[in-house]
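Notes follow once the structure below has been shown.
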Amino acid sequence: MSDLSDDEVSLRALFDPAKKLVCDIEDGVFSTSDLQPRLKTGIDSLQLVTKQMNQLRLFSSNEQIEDVPTNSLPYLMVPCFLGIFHQNLMVDPSLKLEELRKAKVYLRNFLNRLRDMCLIKTRLPWEDEDIERKDLLREKPKIAVEEIRRLKLERHKKKHELKMTELRIKKQLEAVSIDEQNLRELYITQLLFWSERSYEELQAIDDELPLLKMMADRAAHPNRNTSIPEPLKTVPALKPFIITRDAQQKQVFGLGYPGIPAMSVDEWYHQKFGCNPQNVPTSSAPQTDQQLESEEEDDDEARAKGMRWDEYKDDHRRGWGNTHNKG
1 MSDLSDDEVS
11 LRALFDPAKK
21 LVCDIEDGVF
31 STSDLQPRLK
41 TGIDSLQLVT
51 KQMNQLRLFS
61 SNEQIEDVPT
71 NSLPYLMVPC
81 FLGIFHQNLM
91 VDPSLKLEEL
101 RKAKVYLRNF
111 LNRLRDMCLI
121 KTRLPWEDED
131 IERKDLLREK
141 PKIAVEEIRR
151 LKLERHKKKH
161 ELKMTELRIK
171 KQLEAVSIDE
181 QNLRELYITQ
191 LLFWSERSYE
201 ELQAIDDELP
211 LLKMMADRAA
221 HPNRNTSIPE
231 PLKTVPALKP
241 FIITRDAQQK
251 QVFGLGYPGI
261 PAMSVDEWYH
271 QKFGCNPQNV
281 PTSSAPQTDQ
291 QLESEEEDDD
301 EARAKGMRWD
311 EYKDDHRRGW
321 GNTHNKG
């Protein structure tokens, strides 16, 4: 700390509590209600840090990551933390849309600066937005679900590796005296980790913005697109009925149950299938004469076999077999 100037000490006094608050948000330390006043305090602190950074001109547009002093590297995360604070603010639905837009601007600014400093070399998704606006007829290509899942798994794996690297470097710094090389590696690792988190937060914001826009539009125009619901079609109630064998039973049951209409089997059959023979449900094919004769022969043979078995049991009682050595 003795090597730091007064301006850097003032910056760190404002920045360190905000950085700790971000870590607490990641660990879920505070409830939503307890977090809100801390978020507002963190936003005010980081805005003061941003103002002092601009006055001190800590960063230049033509700098590479190797040109930035080690003590200045943590302040590259200021726009990222501001984006996370604005994203987690709980405000009225009418104001939430503006908070998410601010968070989106801050997160994009953070990734753009890392891209300009060549710390990250991947192409940013919004770099082609200006070209797409000029070509309105061009449809935005849709990413397959498998590709989205693969990207999420890769990002999660990369974040885990960066977190393990950060913990390893912190243990090294605690074991020995602070080495500038290890300290610089720690800050670079943290910048890479928060770049991956920024991608995730931007995706979450893009998913939430259309819903908030739709809610705001409905609140501003409550009478727009209000379609009159179609009246429900009333289905006539089905009346119970009794099926009788013939017309005589119909007359009897009809007299006994005047409130329940009755019909005979023939009437029900004609009502169900009509007089057209094609409407008659198909039944199993009738047996031929040869099949009937075969079944009768089988029955006769089985009957004769049963009679022979009965006669055998009459002549050979149970236990009349081999009685040798049985007393």
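Per the UniProt record's numbering, numbering through the sequence shown is continuous, rising by one, with the last residue being 327. Every residue, glycine too, gets a C-beta built ideally from N, C-alpha and C.
{"Check": "L209 versus L192, N109 and K104, residue with shortest Cα-Cα distance", "Outcome": "K104"}
{"Check": "Straight-line gap, L186 to K170 (C-alpha atoms, nearest Å)", "Outcome": "7 Å"}
{"Check": "Cα-Cα separation between N182 and T165, rounded to whole angstroms", "Outcome": "11 Å"}
{"Check": "Cβ neighbour criterion (16 or more within 10 Å) applied to A18", "Outcome": "buried"}
{"Check": "Where I120 falls, given that 16 or more other Cβ within 10 Å makes a residue buried", "Outcome": "buried"}
{"Check": "Three-state secondary structure assigned by DSSP to S195", "Outcome": "helix"}
{"Check": "Candidates A144, C118, L107 and T32: closest to W126 by CA position", "Outcome": "L107"}
{"Check": "L21 and V49 closer than 7 Å at C-beta", "Outcome": "no"}
{"Check": "Short Cβ contact (7 Å threshold) for S195 with L114", "Outcome": "yes"}
{"Check": "Contact between the region 200-208 and the region 79-95 (3+ Cβ pairs under 8 Å)", "Outcome": "yes"}
{"Check": "C-alpha distance - D92 paired with L151, whole-angstrom precision", "Outcome": "33 Å"}
{"Check": "Close Cβ partners of D27 (< 7 Å) along its chain, the five nearest in sequence each way excluded", "Outcome": "none"}
{"Check": "Cβ neighbour criterion (16 or more within 10 Å) applied to F193", "Outcome": "buried"}
{"Check": "Beta-carbon gap between L212 and K96 smaller than 7 Å", "Outcome": "yes"}
{"Check": "Contact test: K170 Cβ vs the ligand ADP heavy atom, cutoff 6 Å", "Outcome": "You won't find the ligand ADP in this model; it holds no ligand whatsoever."}
{"Check": "Secondary structure of P222, DSSP reduced to three states", "Outcome": "coil"}
{"Check": "Buried versus exposed call for T189 [16 or more other C-beta atoms within 10 Å across all chains shown]", "Outcome": "buried"}
{"Check": "Same chain, Cβ closer than 7 Å to N109, neighbours up to 5 away in sequence not counted", "Outcome": "P79"}
{"Check": "Neighbour-count burial assignment, E201, 16 or more Cβ in a 10 Å radius", "Outcome": "buried"}
{"Check": "Spatial distance of E161 from L153 (CA atoms)", "Outcome": "12 Å"}
{"Check": "T50 (DSSP reduced to helix, strand or coil)", "Outcome": "helix"}
{"Check": "Residue from D24, S45 and D44 with nearest C-alpha to L35", "Outcome": "D24"}
{"Check": "Beta-carbon separation (whole angstroms), M117 vs E174, contact threshold 8 Å", "Outcome": "About 29 Å separates the two Cβ atoms, so there is no contact after all."}
{"Check": "Distance, E99 Cα to M215 Cα", "Outcome": "15 Å"}
{"Check": "Collapsed DSSP secondary structure at K163 in the structure displayed", "Outcome": "helix"}
{"Check": "T70 vs R197 beta-carbon contact at 7 Å", "Outcome": "no"}
{"Check": "Residue range of the alpha helix (DSSP H) that includes Q87", "Outcome": "V78 to N88"}
{"Check": "Where C23 sits in the DSSP three-state scheme", "Outcome": "helix"}
{"Check": "Spatially closest choice to R57 from S72, E66 and R155, by CA coordinates", "Outcome": "S72"}
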